[in-house]
Structure formats: C-alpha cells, structure tokens
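From first to last, the protein sequence lines are chains A and B. Following our numbering from start to finish, the first sequence increments by one per residue and tops out at 270. Following our numbering from start to finish, the second sequence increments by one per residue and tops out at 1089. C-beta atoms are modelled at their ideal positions from N, C-alpha and C, and glycine is treated no differently. In this text, all values refer to a predicted model and were calculated from it rather than measured experimentally.
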Amino acid sequence: MLKALVARFKEGCGTGAFPPAAPKLPPDFKGRPEIAADTTEEDVKAMRAVCPVADALFFRDGKASLDMGRCIFCGRCAEVCGKVRFTGEYRLGVFRREDLIVKAGEKEYAPPVQTDGEALALEGSLHLREVSAGGCAACELDANVLGTPAWDMARFGIRFTASPRHADAVYLTGPVSANMQLALEKTYAAMPEPKFLIAAGACAVSGGLYKHGNLPRTPSLYIPGCPPHPATVLEALLRFCGAGRGK
Amino acid sequence: MNRSKIDFCSAADEVCARLDSLGGYVNPAKVAPLKGSAAHEVAVGPVHAGVIEPGHFRFQCMGEDVYNLQIFLGYQHRGVEEAIVAADGHLPRQIALAETCAGDTSAAAAIAFAALMEGAFPERFPAPGDEARRVRALMLELERVANHVGDLGALAGDVAFLQSAAFCGRIRGEYLNMTALVCGNRFGRGAIVPGGARVGLPDGICRELKARLARVKPELDRALKLMFHDHSVCERFDGTGKVPKEVAREIGLVGVARRASEEFNGDVMARALVRRVEINEAHGKMARILDGEAPEGNESPEITDGKGGFRTVVAAVPAWRGKLVHAAAFSPEGKMLRYRIVDPSARNWPGLAWALRGEQISNFPICNKSFNLSYCGTDR
C-alpha cells in the first residue's frame, strides 16, 4: 500500500496541459496542407504520381485542390515540387465533407464553429459507441489513448460507452468492410434519438486506400488523418459539442 | 476438468477453416456437442464493449467451465493483398497498403515489404545503407516496446490494478511520441521505403531520444514492479490460461506466446513476463543503435526460382507479436502476381482458444489481452 502511494506521488499528474494550452506535436507533424496559388496542372499530375491515394490531389476549375478526407498525410507530394506544404495546424475536424477540400492559394484558416443545437446540447456529456469496421486498428488505438491520464477526455464529459443504448454518436473507424456493414447498421439503429455519426480517419471519411462501404447516414463530424493525432481528435470532439471553451 | 481428454485440435482446425472461408458460419453444435441442463453457449461480438476490433466469439460452457471457445473472424477483411497486387508499379501506394494491414505493426510491415522488394529487384533497390538500417531497427524496437507497455497496462487494467494501467497508458504514449519524433507519425508510417528510409537519424534526434529513453525507463520499471509485486495481480495471472509447451509446439504458436510456453510455463503471467523481458532487450538494442551501431537486417529474403523465370520471394521480420511473413510471386517480367501476408496473429488465435479451456468466461479478458492478437492482420 505504502509503495503504491509512493509510486503515485512520484508519478504525479500525467495529464497534459492541452487544452487549453497548445498540444505538444512532433517537429515533423503534418497538419493541414497549404497549396501555392500558382500550382499548375502539370504539378498536380507529378504529385498524383507519388500519392498513395487515388484522387486525393486534383485539378478542377483552374485550381489545384487537396482532399484531406482522402489524404493519409505521408508528405510525399510536398517533396515533388514544393507547391504543397504541410503546416502544423492540427485542428482538422469539420462538420461538412466539402470543408475537407483545401484549394490552392488558401491561407487563412479558422476551424468551423458548431451551430447545430442538438450537438451543442451534448456539452459536458458526449457518449460515443466505437464501431471498428475494416480498418487497421491504428485509429482505434489513438482513440483509446484519449482515455489515458495523458489526455483524459473524461474531464470534458466525453467517454466511450459499451452499449449503443447509452450512446449519442457512433465513432466510426475503418472503411466499412462488407462483413461489418450489418453490424454497423444494427449498432446505429440501436441508439436513441438524437444521434450522430462521427467518421474518424481517412478510411471512415472516404475509404482512404480501400473501397468505401455504405454509411448509415451522413456523418456530422469528419476527422481526417491516418490515423488522426489524438490532439486532432480531442479538439474536434470538443468543438463538436461546444465543450472546453474558456476552461 | 481434465483438459487432456479434450481434442484441442478441433479448436485449431475450426479457426483455420474459418480463415480459409471468410464470412462462413459453422454450426457449433456439430463441433462440440455438449449435452445436459448445464450446457449453454455465450455469444459475443462482432461489436465488443471496448474500443477494439470486431470478431465473434462463442463460449461453449458446461456450468461455469468453458469447454470450447470458437473464434469467428473475417469482419475486417478488406482485400489488402489483392490491393497490393493491383497497385503493382505504384510503390508509395503498395507501402501504404502494407502499413495499414495491421496498424500496430506498421513499421514491421513496411520493413517486410521493403526487404521483399529489395530481394526481388536488387538492381532497382540497393541494400539499405547504415543509417537506413539504424532507422528501421529503431522503429521496430520502439514499436515493440510501445505495444508491450500498452498490453501490460491493459492486463493490469483487466484485473482492476488501476495504477499500473494508468502509468503504462501514459508511458506507451511516450514511446509513440519518440517514433513521431523520428518521422512525424506516431505509428512510424511513411518512414521506410525499399532501398532505404525517407528519414534519417541526425545527432540532435539521437541525443533527444537517448535522454527520453533514460527518463522513461525508470518510470516504466516502477509501474511494472508495482504490478508484478502485487499479490492480487499475481493471484489472477498465475496459472491462468495455461498453454503447455507441447501444445504450443503442436498448434505452432509464434512470438511472445511461444516464448512464454518454451521459457516459462505458458500462463498469463508467463506472457506478461516475456513482454517485460522483451522490453529490456529492446532497450539494450535501442541504446546501441543510438550510439551508432547499424544492425544487420535479419529479414534476408528467401528467393525461390520456379520454372520459366517465375519466382517467389519471402521476407520475415521479428515483429513485436512474433514472426511477420510477407511473400510475393513475380512473373519473368517482374510483374507482381500474388501477395500474401501472414501476421503472427494468424498462428496464435488457436492458442487463445486452447488457453481458455477449463477457464471461466470471466478470465477471458486477461487471457485475450495476454495474447493481444490482431484481427485486421489476420483478416487482411
């Protein structure tokens, strides 16, 4: 007992200062990309040749664009011609799919603010039912991390529940494999209204490297990344339900 | 109950048959016909209570005793191997696919894929240089320690020893952040390519890593000592989920589970202790790598030449769960015809089924966590 108390005293409080302080990200962290305004169709073609994902980069209406919903943030395109640069912006979660598309020349970025009253009503008590559907489990591992003392999302009233009956949202990871289609539909159907779908990771948002299955509804929150950094996930969840403001 | 009277091979066969026919269903009554008023079956999954991958388990019980555990997988099947073949000629896509076969084994998978391609096309991909070999070996060991620490913490959590669970949860993150310091990604993704590595190990990073390892190791030792010296933890781990050496050999277990049965007595405690041993071994290796040693890659691919210029190449990497095997068949023109990934988990699932025989369902979590097998790596 005494040894346990001493160990606990020595360990201290392991919870990071984020939020409200800025998270500690690795120096080579790849966040929201920026595309130079003068990026040509040839540049896009060259970058597409090294991009692991189909259609993450494209040229439309005279402008180069990057779809963060497909991007796995490997940074290979940035090495081709220097027209794409990955910034340290980790606040990547958005509420509409089209907001994940970064266009050439865009500089200013402010993460979208939640206006949905039903989502804002969940501030302080957001319960998630995780459904892993055909992914590689990296997204699940980095979601689990949020429950450890280092991130401690429970201090904002956010937690993963065992039963869909107690959940406000499905936290979906993976591209939705054929064999998980039914389980996902049943889990979503078992939840009480109002309910939401959160797509976390490139696979859940767009299929990523794989074929995208059917989602039970349009997601209310998209968190891009492969896998998304825990700071990205936590910030997105907090913004989704309007929690953690000024705390 | 007397375990030796039960044909353990039926469980192993069952899982193997299941792996061959993804999505099928076998009537459990035909496999283990238990009779009497105490006979019952408990079905769990595919969606589990925690934040984990999907799989379906059926516990066939007589009263409190589990006679047989059937493991149904295939929910995570998404065609990784087919996609790698379809992406032939597009190296970045192939590497990304290999890395996403099992997320917690990303670095090992990238090393296996790179070694395989280097073996198949030595003129196109030269053998990796000293620094690339150091990066690869370092990533592999960081991955090993991060996962072992996470598993030991989860084992502590499953027997309600929350202090070590909390400490290990935080410390696992420290190791993931060290991987991120090297390449920007907590799982080491995008760092390794055939012929080398996309990142280096500058002196500044080596110094920082050395300092972090020196700081974290005593903290980890403290967390583990607390757990392994606690009576309530030892009481739950000792003798639970025992897989004897002979059985481990017969099933063909690999990695941590095999070592636990060969070097120790094959119970949950043994698998926990092997993890602690491997953490210490990995720390020794990392210290040498950071001091400048460039370990020889021991995944040296095996090449078998077939008729008419067709050939197969097999590469094996000592991943944290056990031996990870990647194999590919190439046409005489060098076109990739088939790709096959054998995750160590695929060999160890029958071991979990065996471990639970004669246990109670309440011991499933610690048995399961002591193996911590990958669903997605098995389903591919």
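- Message: So, at 6 Å on beta carbons, what are the nonlocal neighbours of Gly733 of chain B in its own chain, with the 5 sequence-adjacent residues on each side left out?
- Response: Here Gly733 of chain B scores only 36 on pLDDT, less than 50, and its place in the model is too uncertain to base an answer on.
- Span of the alpha helix (DSSP H), counted from its first residue to its last, around Glu153 of chain A: Glu153 of chain A -> not in any alpha helix (DSSP H); beta strand (DSSP E) instead, spanning Leu149 to Ser155.
- Taking contact to mean at least 3 C-beta pairs separated by less than 8 Å, is the stretch 82–101 of chain A in contact with the stretch 215–233 of chain A? yes
- Item | Limits of the unbroken alpha helix (DSSP H) element including Asn856 of chain B | Asp839 to Asp867
- Task: Give the residues from the stretch 744–763 of chain B that approach chain A closer than 9 Å (Cβ to any Cβ), ordered along the chain.
- Result: Gly754, Pro755, Val756, His757, Ala758, Gly759, Val760, Ile761, Glu762 and Pro763
- Item | Which of helix, strand or coil DSSP assigns to Tyr884 of chain B | helix
- Query: Quick one: does Pro250 of chain A have its CB under 8 Å from some CB of chain B?
  - Reply: yes
- Item | Residue burial classification, Val751 of chain B (beta-carbon count within 10 angstroms, cutoff 16) | exposed
- Task: Could you have a look at Lys934 of chain B and say whether DSSP puts it in helix, strand or coil?
- Result: helix
- Message: Run through chain A and tell me which residues come within less than 8 Å of Gly1015 of chain B, C-beta to C-beta.
- Response: In chain order: nothing, as chain A lies at least about 30 Å away.
- Item | Under 8 Å (Cβ pairs) to chain B, residues found in the stretch 49–71 of chain A | Pro49, Pro50, Asp51, Phe52 and Lys53
- Which residues, taken in chain order from the stretch 217–232 of chain A, show a beta carbon closer than 9 Å to some beta carbon of chain B? Cys226, Gly231 and Leu232
- Query: In the structure shown, what three-state DSSP assignment does Pro170 of chain A receive?
  - Reply: First, the residue type needs correcting, since residue 170 of chain A is Gly and not Pro in the sequence shown. Reduced to three states, the DSSP call for Gly170 of chain A is helix.
- Message: Looking at Lys951 of chain B: is its Cβ nearer than 8 Å to the Cβ of Asp976 of chain B?
- Response: yes
- Task: For the stretch 187–211 of chain A, enumerate the residues whose C-beta is nearer than 7 Å to any C-beta of chain B, in chain order.
- Result: Pro198, Ser200, Asn202, Met203, Ala206 and Thr210
- Item | Which of helix, strand or coil DSSP assigns to Glu112 of chain A | coil
- Check Tyr211 of chain A in the structure and name its three-state DSSP category. helix
- Message: Suppose you measure from the CA of Lys1044 of chain B to the CA of Gly197 of chain A; what does that come to, to the nearest Å?
- Response: 30 Å
- Message: Any beta carbon of chain A sitting closer than 8 Å to that of Cys915 of chain B?
- Response: no
- Task: Closer than 9 Å by beta-carbon distance: list the chain A residues that pair up with Asn886 of chain B, in chain order.
- Result: Lys47 and Pro49
- Item | Listed by chain order, chain B residues near Val73 of chain A by CB distance under 8 Å | Pro801
- On the three-state DSSP scale, how would you describe Lys130 of chain A? coil
- Item | The alpha helix (DSSP H) enclosing Thr1087 of chain B, as first and last residue numbers | Tyr1084 to Asp1088
- Message: For the alpha helix (DSSP H) containing Arg31 of chain A, name the first residue and the last one.
- Response: Leu25 to Glu34
- Name the chain A residues that come within less than 7 Å of His786 of chain B, Cβ to Cβ? Ser200 and Asn202
- Of all Cβ atoms in chain B, is any one closer than 8 Å to the Cβ of Ala161 of chain A? yes
- Message: Which same chain residues end up closer than 6 Å to Gly948 of chain B when comparing Cβ atoms and leaving out the 5 residues on each side of it in sequence?
- Response: Asp976
- Message: I'd like the list of long-range same chain contacts for Leu1065 of chain B, defined as Cβ closer than 8 Å, with 5 residues on each side in sequence excluded.
- Response: Phe768, Val775, Leu778, Gly950, Asn1072, Phe1073 and Cys1076
- Item | Endpoints, alpha helix (DSSP H) assigned at Ile998 of chain B | Val977 to Leu999
- Item | Distance between Arg921 of chain B and Val284 of chain A (C-alpha atoms, nearest Å) | A query on residue 284 of chain A cannot be resolved here, the shown segment of chain A reaching from 24 to 270 and no further.
- Query: Taking C-beta to C-beta, are Ala173 of chain A and Arg879 of chain B nearer than 8 Å?
  - Reply: yes
- Phe263 of chain A by DSSP, collapsed to three states: which one? helix
- Item | Asp122 of chain A - DSSP class collapsed to helix/strand/coil | helix
- Query: Are Pro763 of chain B and Tyr1084 of chain B close, meaning C-beta to C-beta below 8 Å?
  - Reply: yes
- Message: Ignoring anything shorter than 4 residues, give me the alpha helix (DSSP H) runs that lie fully in the stretch 177–236 of chain A, in order along the chain.
- Response: 204–212 and 224–229
- Does the Cβ-Cβ distance between Ala87 of chain A and Ile58 of chain A come in under 8 Å? yes
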